[in-house]
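Asks: Got a structure here, written out as structure tokens. Questions coming.
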Amino acid sequence: MRDHCGDDQEGEPTMTAEGQGGEDTSSAPLPEGRSASSRSGSSSRGSAQKTATVNADLDTIMSTIADFDNYPDWVPAIRKTSIVSTDDAGRPARVDFVLIAGIVEDEYQLDYSWSEDGTEVRWSLSEPSILQTRQDGSYSLEPGERPGTTDVTYSIDVELTVEMLGRFRERAEKRIINAALEDLAARVEKR
């Protein structure tokens, strides 16, 4: 699914589905390579990917992604971050996170690798946490069709320490991936 972030009448970023009348395509067939277990039954693993067009240039978006110290200001579930180490270019290489989302709490550490051309960042869970045994993800950026826009693809693959029923997993995946793009769009469009 491809979404476009724009501004609604109150100046907040909005995301609308591209396609037939802007309908919600969240119940569309599974993307190639996605496990059916993440849609039905119970499983401890889930993955999702989504692309959105953001009204900001690539450099602004990537610098916002790399600004972990300020994540608690714009990512509601992230309460605290701490950069543990940086790479040779001074970019965060290992980051600690404290996540609190309702009754869900977790502390975890992610290892980051940044592309030389500044168009992609990938991460993976350093070691299992209370809730996660694995997390792999990425932001991939490319210039959008319109000047001053960037197509941002967010991908995540998570394996939890507990199983979740398919319908709860679907809701959680949708919230996580939408928030990752909507919160990022809102942050960079304020800059």
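In the UniProt record's numbering, the protein residues as written are 1 to 191.
Backbone N, C-alpha and C define an ideal beta-carbon position, used for all residues, glycine too.
1. Is residue 89 buried or exposed, if buried means 16 or more other CB atoms sit within 10 Å of its CB?
2. Residues in the same chain with beta-carbon distance under 8 angstroms from residue 69, minus the five sequence neighbours each way, listed in chain order, please.
3. Based on DSSP bridge pairs, tell me the residues matched to residue 80.
4. Determine, using beta-carbon pairs with one atom in the stretch 45-56 and one in the stretch 172-190, whether at least three such pairs fall under 8 angstroms.
5. Helix, strand or coil: which one does DSSP assign to residue 41?
6. Enumerate in chain order the residues of its own chain whose CB-to-CB distance from residue 155 is below 7 angstroms, with the five nearest sequence positions on each side excluded.
7. Take the Cβ of residue 35 as the centre, count every other Cβ of all protein chains shown within 10 Å, and call the residue buried at 16 or more, exposed below.
8. How many whole angstroms separate the CB atoms of residue 108 and residue 129, which I take to be in contact at a CB cut-off of 8 angstroms?
9. Going by DSSP, which residues form a beta bridge with residue 134?
10. With residue 134 and residue 158 assumed to form a contact (beta carbons below 8 angstroms), what rounded beta-carbon distance in angstroms separates them?
11. Below 8 angstroms CB to CB, which residues in the same chain sit around residue 59 once its five sequence neighbours on both sides are set aside?
12. Hey, how far is the Cα of residue 180 from the Cα of residue 142?
13. Report the rounded CA-to-CA distance for residue 106 versus residue 144, giving the unit in angstroms.
14. Starting from residue 63 and walking both ways along the alpha helix (DSSP H), at which residues does that stretch end?
15. What three-state label does DSSP hand residue 119 in the structure shown?
16. Residues in its own chain within less than 6 angstroms of residue 173 by CB, not counting five upstream and five downstream?
17. For residue 141, write down the residues that DSSP places opposite it in a beta bridge.
Replies: Taking the coordinates as given:
1. exposed
2. 81 and 83
3. 98
4. yes
5. Only weak support is given to the placement of residue 41: the predicted model assigns it a pLDDT of 49, under 50, and the value that follows is read from those uncertain coordinates. Residue state, collapsed to three classes: coil.
6. 49, 137 and 138
7. Confidence in residue 35 is poor, its pLDDT being 37 and thus under 50, which makes the residue's placement unreliable; the coordinate value appears in the next sentence. Exposed, by the Cβ-count rule.
8. 4 angstroms
9. 159
10. 7 angstroms
11. 118
12. 17 angstroms
13. 35 angstroms
14. 58-66
15. coil
16. 46 and 48
17. 152
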